[in-house]
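Engineer: The sequence shown begins at 2 in this note's numbering and counts up one residue at a time.
For each residue, glycine too, the CB sits at the ideal point set by N, CA and C.
None of the values given here were measured: they were computed from a predicted structure.
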Amino acid sequence: TVVLPLVTEPKTFNVLVAQETSSTEVAQYPFEGLTAFDPRTGEILPKLAATWEHSADGLVWTFHLRNGVRWSDGRPFTSGDVLFTFATLFDPAIPNSARDIFMIQGKPLQLRALDETTVEFRLPAPFAPFLLSLSQPILPKHMLEHAVQDGTFSSAWGLGESPEHIVGTGPFQLAKVLPGERVELIRNPFYWRKDAAGKPLPKLDRIV
2 TVVLPLVTEP KTFNVLVAQE TSSTEVAQYP FEGLTAFDPR TGEILPKLAA
52 TWEHSADGLV WTFHLRNGVR WSDGRPFTSG DVLFTFATLF DPAIPNSARD
102 IFMIQGKPLQ LRALDETTVE FRLPAPFAPF LLSLSQPILP KHMLEHAVQD
152 GTFSSAWGLG ESPEHIVGTG PFQLAKVLPG ERVELIRNPF YWRKDAAGKP
202 LPKLDRIV
């Protein structure tokens, strides 16, 4: 177990609408994006996307999702989750700080699923930080689609939510929330990464 300090308790576990570091600091463990930034090398690494390619003009990007990834409730991760995340991000009824990142010259990027493991993005203009911006966490459609439909997404996954309802693809999942005291995360048994010897990661059991 690793015990880490938080200055104040999280306000939400909904990483898309989180506005304060106390929330995003916890959310970094259950959630992942298509890519990740390596602070040691400055490289953009594959995460939920295993590989990608782009057109010569830099406007069309095709991402091939990693095979065998599951949400922490065991459901498969698919291109539908990627489309759901970006549709929610661009929904004008849902306030979030990520929308502006994906507005290029005032226009939103477009995306479509080519199949369950392939997503195509079309940019209105070349955008140098595009790969870096795809560290935006992906959300589970099967758990949050109803909240978008009934207009409660912005308040979904608050501190009172049952931990088993908050699912991600990251190395840890929410286990317990004691308001004003602590948040406990445990190893995600479905996490896709393995070490050099082929053993499942993470090696930690718990983060408090």
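Based on the DSSP secondary-structure assignment, which residues constitute the bridge partners of Arg71?
Structural biologist: Here residue 71 refers to the residue found at position 70 of the sequence shown. Answer is Pro77, bridged to Arg71.
Engineer: Grab the span of the alpha helix (DSSP H) containing Thr25 for me, first residue to last.
Structural biologist: Your numbering for residue 25 matches position 24 in the sequence shown. That run of the alpha helix (DSSP H) goes Thr22 to Ala28.
Engineer: Starting from the Cα of Thr13, find the closest Cα among Lys195, Val178 and Ile102 and give me that residue.
Structural biologist: Mapped onto the sequence shown, residue 13 falls at position 12. If we check each option's Cα against that of Thr13, Val178 comes out closest.
Engineer: Check this for me: beta carbons of Trp72 and Val168, under 8 Å apart or not?
Structural biologist: Within the sequence shown, the letter at position 71 stands for residue 72. Within the sequence shown, the letter at position 167 stands for residue 168. Contact flag set, yes.
Engineer: In whole angstroms, give me the CA-to-CA distance for Gly1 and Ile208.
Structural biologist: Since the displayed the chain opens at 2 and closes at 209, residue 1 lies outside it and no answer follows.
Engineer: Taking contact to mean at least 3 C-beta pairs separated by less than 8 Å, is the region 150 to 167 in contact with the region 60 to 68?
Structural biologist: Too few Cβ pairs lie closer than 8 Å, so no.
Engineer: If contacts are defined as beta-carbon pairs under 8 Å, then Thr286 and Val70 qualify, I think. What distance do you get, rounded to the angstrom?
Structural biologist: Because residue 286 is not part of the residues shown, which for the chain are 2 to 209, the question remains open.
Engineer: What does Gln174 pair with, by DSSP beta-bridge criteria?
Structural biologist: Against the sequence shown, residue 174 aligns to sequence position 173. Its beta-bridge partners are Ile187.
Engineer: Classify Phe131 as helix, strand or coil using the three-state DSSP reduction.
Structural biologist: Taking the sequence shown and counting its residues from 1, the one referred to as residue 131 is at position 130. Correct three-state label for Phe131: helix.
Engineer: Within its chain, find whatever has a CB closer than 7 Å to the CB of Glu21; leave out the 5 residues flanking it on each side and keep chain order.
Structural biologist: As a first step, residue 21 must be located in the sequence shown, where it is residue number 20. If we look at Glu21 and ignore the five residues flanking it on each side, its Cβ neighbours are Lys12.
Engineer: Please determine, among Pro93, Thr79 and Val184, the residue with the shortest C-alpha to C-alpha distance to Ser155.
Structural biologist: Taking the sequence shown and counting its residues from 1, the one referred to as residue 155 is at position 154. Out of Pro93, Thr79 and Val184, Pro93 has the C-alpha closest to the C-alpha of Ser155.
Engineer: In three-state terms, what does DSSP make of Arg194?
Structural biologist: Position 193 of the sequence shown, counting from 1, holds the residue named residue 194. It is coil, neither helix nor strand.
Engineer: Is it true that the CB of Asp116 sits closer than 8 Å to the CB of Ser80?
Structural biologist: Stepping through the sequence shown from its first residue, residue 80 is reached at position 79. Stepping through the sequence shown from its first residue, residue 116 is reached at position 115. Going by C-beta atoms, Ser80 is nearer than 8 Å to Asp116.
Engineer: If you follow the alpha helix (DSSP H) that Ala148 is part of, which residue opens it and which one closes it?
Structural biologist: Indexing the sequence shown from 1 puts residue 148 at position 147. Lys142 to Gln150 is the span of the alpha helix (DSSP H), which, as asked, contains Ala148.
Engineer: Since Thr63 is in the beta strand (DSSP E), which residue starts that stretch and which ends it?
Structural biologist: The residue given as residue 63 occupies position 62 in the sequence shown. Element bounds for Thr63: Val61 to Leu66.
Engineer: To the nearest angstrom, report how far apart Pro130 and Leu205 are at their CA atoms.
Structural biologist: In the sequence shown, counting from the first residue as 1, residue 130 sits at position 129. In the sequence shown, counting from the first residue as 1, residue 205 sits at position 204. Going from the Cα of Pro130 to the Cα of Leu205 covers about 33 Å.
Engineer: Give me, in chain order, the residues of the same chain whose beta-carbon lies closer than 8 Å to that of Leu133; leave out the 5 immediate sequence neighbours on both sides.
Structural biologist: Mapped onto the sequence shown, residue 133 falls at position 132. For Leu133, where only same-chain residues beyond five positions count, the Cβ hits under 8 Å are Thr36, Phe38 and Ile45.
Engineer: So Thr118 and Leu66 are in contact, right, with Cβ under 8 Å, and what is the actual spacing, rounded?
Structural biologist: Here residue 118 refers to the residue found at position 117 when the sequence shown is read from its first residue. Here residue 66 refers to the residue found at position 65 when the sequence shown is read from its first residue. With 8 Å as the limit, Thr118 and Leu66 qualify as a contact, their Cβ atoms being about 4 Å apart.
Engineer: What separation, rounded to the nearest whole angstrom, lies between the Cα atoms of Pro180 and Pro125?
Structural biologist: Looking up residue 180 in the sequence shown gives position 179. Looking up residue 125 in the sequence shown gives position 124. Distance between the alpha carbons of Pro180 and Pro125 is about 44 Å.
Engineer: Ile208 by DSSP, collapsed to three states: which one?
Structural biologist: On the sequence shown, residue 208 is found 207 positions in, with the first residue counted as 1. Here Ile208 sits in strand by DSSP.
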